[in-house]
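A.B. asks:
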Amino acid sequence: MNPAGSLYGRLLAWLTLPLLTLGALLLLQAWLEARATADRAYDRLLDAATLAIAEQVQWQDERLWLDLPPAALEMLAGDAQERVFYSLVDQQGRHITGNARLPAHPGENASSGDTLLYRDIEWRGMALRQGIRRTRLEDWRSGERFEVRVAHTREGRNALRLELLRSNLAGILAMGALAVATLLLAVRAALKPLTRLRHAIRARDPRTLTSLDLDLPRELAELREALNELLARMRRVRANQERFIGDASHQLRTPLAGISARAELALRRQEPEEWRAALETVHSTSERTARLAMQLLSLTRLDNPEYRPELHPLDLNHCVRQAVRDHWVACHQASIDLGADCLAAPLRVAASEWQLQEALANLIDNSRRYGARRITLGVLSAPPRLFVEDDGPGIPAERRLLVLRPFHRGRDDGEGSGLGLAIVDGIARNHGARLSLGESGSGHGLRVELRFPEALT
Amino acid sequence: MKPPLARLALLGALCLLPTLACAEQLLRLPADTDAGAARPLVIHAALDLPQARPLLEAFHRRHPGIDLTYRNLTTLELHERFLAHPDEVDVLISSAMPWQFALANEGHARPLDSPRLEAWPAWARWRDELVAFTFEPIVMVIHRELAAIAKPPRNHAELLALLNTHRQALAGRVASYDPVRSGAGYAYAMEESRLSPRYWDLVAALGGVEAELVETTGAMLDGLKEGRFLIGYNLLGSYAAPIVAAAPDLEMIIPDDYALVSQRLAFVPRRAPNPEDAGLFMDFLISMEGQRTLAEETSLGAIHPALTGPGTATELRERLGDALRPPGLGPSLLAGLDRLKRQALLARWQREFRRSLADAERDALD
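Right, dumping it as structure tokens:
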């Protein structure tokens with residue numbers, strides 16, 4: 007398990023790390039403490055042994071004299087049967103007696119009384135603890151200074167240190183185990199609401215979009231709210247979709263019902279002229295229905311949030327000229343004046359050519375349906391804009407937003423599908439452009455403008 | 026410390042001590058050629074051959090592949106030779122306990138790795154390096170003629186009383202170790218002075234009867250056999266026992282108030298050339314088999330707690346109880362080697378020894 011990939015692992019890692027560091031520090035401290043305690047305990051033996059020896063030092067025959075007390079050596083040996091070394095040194099540093107010439111200690115004398123010094127030494131390959139007592143004779147004939155040096159091996163100290171460490175270690179380990187257990191439980195408990203949330207989401211019927219009602223801690227409540235907002239949006243989207251489907255089926259049913267009725271009527275007649283007239287009507291209605299179906303298709307495609315058209319640099323002037331070329335014949339036959347108002351310099355934007363053509367076709371078609379006699383297509387720069395202007399009836403300002411919704415028509419004359427502007431709006435959104443409806447410059451009529459975010463250089 | 030002449034005399038005396046087997050100082054038990062490549066093992070000891078031979082032969086029977094060289098030396102020779110060549114010997118055995126202890130204390134001994142050591146009495150081993158494997162009480166030997174003068178003493182108190190009451194009759198007829206010239210004598214003096222302050226009265230009493238001060242157990246035994254001495258004080262029991270057994274005039278007495286015990290200490294030097302076979306030998310010394318050989322075929326005294334009967338420490342303890350005072354393997358042995366301590370003790374000893382003499386002179390002057 008990659009710890010970074012799981013909240014549990016992450017929490018555990020970040021909580022365990024300081025715990026381990028703390029544990030290591032405690033161990034180190036226990037080790038040093040055990041060593042110091044063992045040394046303190048055993049240094050008392052050095053202290054007592056040097057004192058026992060020093061008390062037996064006398065001034066005899068004009069020199070230092072020692073009647074070595076065997077008990078002092080036994081004291082140093084202890085239970086661990088340490089190796090024992092001692093030596094008596096006079097104030098000139100001369101070895102008076104002893105079983106080893108132990109080294110001197112560099113330490114300073116105490117300000118008063120006996121000087122006691124301890125240290126670890128390495129002597130002839132043995133690790134020893136040395137104790138030194140510097141004192142003077144308490145004799146009325148001589149106050150000669152002298153030094154008693156003793157040393158013993160470290161077995162007893164090491165054993166005591168290990169024992170102390172072991173008891174400390176048991177405590178530290180128990181504490182560590184407790185901490186780890188608590189940690190595991192705490193992390194588990196803290197992450198429990200998350201599991202509840204997951205179960206609640208998993209247990210839901212995939213078709214329900216009602217908001218989650220679950221008692222959660224603050225951090226997760228925020229997540230729940232975000233989730234509920236998403237669900238609300240999805241509810242709205244679904245409502246829209248349902249209305250769209252209802253509208254679409256309604257729209258398709260009406261012409262199909264018309265075709266069916268007209269065909270039925272014609273079938274009762276015997277005259278071929280009647281049949282012909284009926285067939286023409288059926289033809290035109292079915293053409294319209296096919297167009298409607300196509301428009302519905304492109305609208306669904308444009309509305310699909312997954313759909314990302316490929317945008318290429320495109321000269322808007324070229325686009326306008328192309329649209330005029332495509333529609334000029336049809337408009338000319340209907341005696342409509344179709345014109346273009348292009349810029350001298352090319353104006354490039356990132357766009358999908360077929361979509362822009364579709365948008366312009368829809369707008370031209372729209373204007374024609376609503377009875378415009380003159381339609382002008384044009385391009386403006388800074389910011390780059392594409393506009394279609396007509397001299398038709400226009401749309402009152404209060405209805406300009408409504409007409410962008412599918413199946414909403416300016417008039418109920420049964421001609422248009424009510425999808426044209428919705429499609430244009432979808433195309434504008436795909437280009438990141440803004441669609442705006444306004445009055446044309448002549449005072450009446452509609453001006454539709456597509457404002458692109460920026461021009462390409 | 027000592028003039029060379031005195032040392033030579035001491036060496037000579039120590040060499041004479043094993044009158045029992047001074048003829049041969051070296052014993053070789055060659056390896057059985059069938060048992061593969063010979064494994065040499067060199068043992069240096071202060072232990073006479075008649076005592077050592079049964080032990081060595083028993084060991085060799087068990088391990089015939091070992092090419093064993095045994096060299097009997099005096100304690101002094103042994104010590105000095107080891108210090109000069111610490112890598113020539115595999116096992117070092119000596120009755121000079123302080124010296125053996127000092128060597129081990131300085132790290133000359135190798136720790137033994139024998140499961141038998143766990144069962145060995147704690148008072149007879151030190152740090153698993155040094156092992157005591159014999160139990161030799163220090164005894165008094167008396168000549169039957171003493172019965173004409175007084176009842177034979179059973180302990181130190183009776184000896185003191187006897188010496189004080191029959192000073193004239195016993196003059197010159199008591200022998201003991203000279204602590205100045207004999208290492209063993211010094212060691213006993215040191216032990217006894219620690220055990221009881223009345224020891225000094227005993228020394229004074231010995232001085233009062235003008236006791237002969239000799240250097241070896243052998244010299245005392247010779248004098249006793251010849252009838253020159255009536256009382257020998259502080260003889261090594263293991264040497265006295267076979268002589269006394271052979272001489273109907275002599276009687277050996279282990280004092281029942283306190284009895285010193287001497288022990289042979291053995292260790293394997295750190296730089297031993299054949300430490301594994303040396304370990305085998307050490308293991309044999311403390312094994313049931315080795316200890317039984319000690320009890321039955323020598324007078325050295327076996328320590329093994331499972332062994333009972335004649336020649337064992339168990340039997341001596343049953344008979345004498347707390348009176349037995351083995352010196353204890355510990356650093357207090359080192360005190361005996363302290364130069365100033367030795368000077369102080371010997372000075373005191375000589376002073377006490379001459380005390381009654383000085384008293385007599387003062388009385389004469391008065």
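Those protein sequence lines, which keep their order, are chains A and B. For the first sequence, the numbering used here begins at 7 and goes up steadily by one. For the second sequence, the numbering used here begins at 26 and goes up steadily by one. All residues carry an ideal CB built from backbone N, CA and C; glycine is no exception. A quick note: this is a predicted structure, and the numbers were derived from the prediction, not measured.
Can you list the residues of chain B that residue 60 of chain A reaches, using a CB-CB cut of under 9 angstroms?
C.D. replies: Those do not exist, as residue 60 of chain A stays about 14 angstroms from chain B at its closest Cβ, beyond 9 angstroms.
A.B. asks: Jot down the residue ranges of each uninterrupted alpha helix (DSSP H) in the segment 347-381 of chain B, minimum 4 residues, whole runs only, in chain order.
C.D. replies: The qualifying runs are 357-360, 364-378.
A.B. asks: Provide the residue span of the beta strand (DSSP E) that contains residue 343 of chain B, from first to last.
C.D. replies: Note, residue 343 of chain B: premise wrong, no beta strand (DSSP E); alpha helix (DSSP H) at 338-345.
A.B. asks: In chain order, what residues of the segment 343-366 of chain B put their CB closer than 7 angstroms to some CB of chain A?
C.D. replies: Taking 7 angstroms as the Cβ-Cβ cut-off against chain A, the residues of the segment 343-366 of chain B that qualify are 355, 356, 357, 359, 360, 362, 363, 364, 365, 366.
A.B. asks: If we ignore side chains and look at the alpha-carbon of each, how far apart do residue 310 of chain B and residue 364 of chain B end up?
C.D. replies: Using only the alpha carbons, I get a separation of about 33 angstroms.
A.B. asks: In the DSSP assignment, find the unbroken beta strand (DSSP E) run with residue 141 of chain A in it and report its ends.
C.D. replies: Start and end: 132-142.
A.B. asks: Anything in the segment 88-102 of chain A with a Cβ closer than 9 angstroms to a Cβ of chain B? List those residues in chain order, please.
C.D. replies: Listed by position along the chain: 88, 89, 90, 91, 92, 94, 102.
A.B. asks: In whole angstroms, what is the alpha-carbon distance linking residue 268 of chain A and residue 280 of chain A?
C.D. replies: Distance between the alpha carbons of residue 268 of chain A and residue 280 of chain A is about 10 angstroms.
A.B. asks: Kindly indicate if chain A contains any beta-carbon less than 8 angstroms away from that of residue 208 of chain B.
C.D. replies: No, residue 208 of chain B does not count as interfacial toward chain A.
A.B. asks: Would you say residue 151 of chain B reaches chain A, if we count a Cβ-Cβ gap shorter than 8 angstroms as a contact?
C.D. replies: Yes, because at least one Cβ of chain A sits closer than 8 angstroms to the Cβ of residue 151 of chain B.
A.B. asks: Return the chain-ordered list of same chain residues with a C-beta closer than 6 angstroms to the C-beta of residue 44 of chain A, the five sequence neighbours on each side being excluded.
C.D. replies: These residues qualify, in order along the chain: 163, 166, 167.
A.B. asks: Counting pairs of Cβ atoms below 8 angstroms between the segment 328-338 of chain B and the segment 172-189 of chain B, do you hit three or more?
C.D. replies: Output reads no: the segment 172-189 of chain B does not touch the segment 328-338 of chain B.
A.B. asks: Just to confirm before moving on: does the CB-CB distance between residue 462 of chain A and residue 356 of chain A stay below 8 angstroms?
C.D. replies: It is a contact, given that the beta carbons lie within the stated cut-off.
A.B. asks: Where does residue 84 of chain B fall in DSSP's three states?
C.D. replies: Residue 84 of chain B: helix per DSSP, three-state reduction.
A.B. asks: Using alpha carbons as the reference points, say which of A/404, A/401, A/426, A/398 lies closest to residue 411 of chain A.
C.D. replies: Ranking the options by Cα distance to residue 411 of chain A, first place goes to A/426.
A.B. asks: Under 8 angstroms between the Cβ atoms of residue 226 of chain A and residue 191 of chain A?
C.D. replies: No, these two residues do not count as a Cβ contact at 8 angstroms.
A.B. asks: Closer than 8 angstroms, Cβ to any Cβ of chain A: which residues of the segment 132-147 of chain B, in chain order?
C.D. replies: Answer set for the segment 132-147 of chain B: 132.
A.B. asks: Which of the three DSSP states, helix, strand or coil, is assigned to residue 209 of chain A?
C.D. replies: Note: residue 209 of chain A maps to helix in three-state DSSP.
A.B. asks: Could you give the first and the last residue of the continuous beta strand (DSSP E) run that contains residue 382 of chain A?
C.D. replies: 380-386 is the span of the beta strand (DSSP E), which, as asked, contains residue 382 of chain A.
A.B. asks: Is it a yes or a no for the segment 291-302 of chain B touching the segment 115-122 of chain B, going by three-plus beta-carbon pairs under 8 angstroms?
C.D. replies: Enough Cβ pairs lie closer than 8 angstroms, so yes.
A.B. asks: Taking buried to mean at least 16 other C-beta atoms within 10 Å of its own C-beta, is residue 98 of chain A buried or exposed?
C.D. replies: With fewer than 16 other Cβ atoms within 10 Å, it is exposed.
A.B. asks: Once DSSP output is grouped into helix, strand and coil, what is the label at residue 303 of chain B?
C.D. replies: Note: residue 303 of chain B maps to helix in three-state DSSP.
A.B. asks: If you draw a straight line from the alpha carbon of residue 224 of chain B to that of residue 249 of chain B, how long is it in whole angstroms?
C.D. replies: About 23 angstroms.
A.B. asks: When burial is assigned at 16 or more other CB atoms within 10 Å of the CB, is residue 280 of chain B buried or exposed?
C.D. replies: With 16 or more Cβ atoms within 10 Å of its Cβ, residue 280 of chain B is classed as buried.
A.B. asks: What residue from B/331, B/330, B/226, B/361 has the CA that sits closest to residue 105 of chain A's CA?
C.D. replies: With distances taken between Cα atoms, residue 105 of chain A lies closest to B/361.
A.B. asks: What are the boundary residues of the alpha helix (DSSP H) that residue 211 of chain B is part of?
C.D. replies: 208-220 is the extent of the alpha helix (DSSP H) around residue 211 of chain B.
A.B. asks: Using 8 angstroms as the limit for Cβ to Cβ distance, is residue 236 of chain B near chain A?
C.D. replies: No, its Cβ sits nowhere closer than 8 angstroms to a Cβ of chain A.
A.B. asks: Please go through the same chain and pick out, in chain order, the residues whose beta-carbon is closer than 7 angstroms to the beta-carbon of residue 254 of chain A, but skip the five residues on each side of it.
C.D. replies: Once the five neighbours on either side are set aside, the close Cβ partners of residue 254 of chain A are 302.
A.B. asks: Output needed for residue 112 of chain B: all residues of its chain with C-beta closer than 6 angstroms, excluding positions within five of it in sequence on either side, in chain order.
C.D. replies: Correct list, in chain order: 296.
A.B. asks: Would the beta-carbon of residue 130 of chain B fall within 8 angstroms of that of residue 359 of chain B?
C.D. replies: Closer than 8 angstroms, so yes.
A.B. asks: Spell out whether any CB of chain B is found under 8 angstroms from the CB atom of residue 82 of chain A.
C.D. replies: Yes, its Cβ sits closer than 8 angstroms to a Cβ of chain B.
A.B. asks: For residue 146 of chain B, count the other beta carbons within 10 Å of its own beta carbon; 16 or more makes it buried, fewer makes it exposed. Which is it?
C.D. replies: By the neighbour-count rule (16 or more Cβ atoms within 10 Å), residue 146 of chain B is not buried but exposed.
A.B. asks: Taking 6 angstroms as the limit between beta carbons, can you name the residues of its chain near residue 64 of chain B, skipping five residues before and five after?
C.D. replies: Once the five neighbours on either side are set aside, the close Cβ partners of residue 64 of chain B are 90, 91, 302.
A.B. asks: Would you mind giving the Cβ-Cβ distance between residue 143 of chain A and residue 149 of chain A, rounded to the nearest angstrom? I have them listed as a contact below 8 angstroms.
C.D. replies: Residue 143 of chain A to residue 149 of chain A, Cβ: 6 angstroms. Contact.
A.B. asks: Does the Cβ-Cβ distance between residue 218 of chain B and residue 370 of chain B come in under 8 angstroms?
C.D. replies: Contact: yes.
A.B. asks: DSSP on residue 294 of chain B, reduced to helix/strand/coil?
C.D. replies: Residue 294 of chain B: strand per DSSP, three-state reduction.
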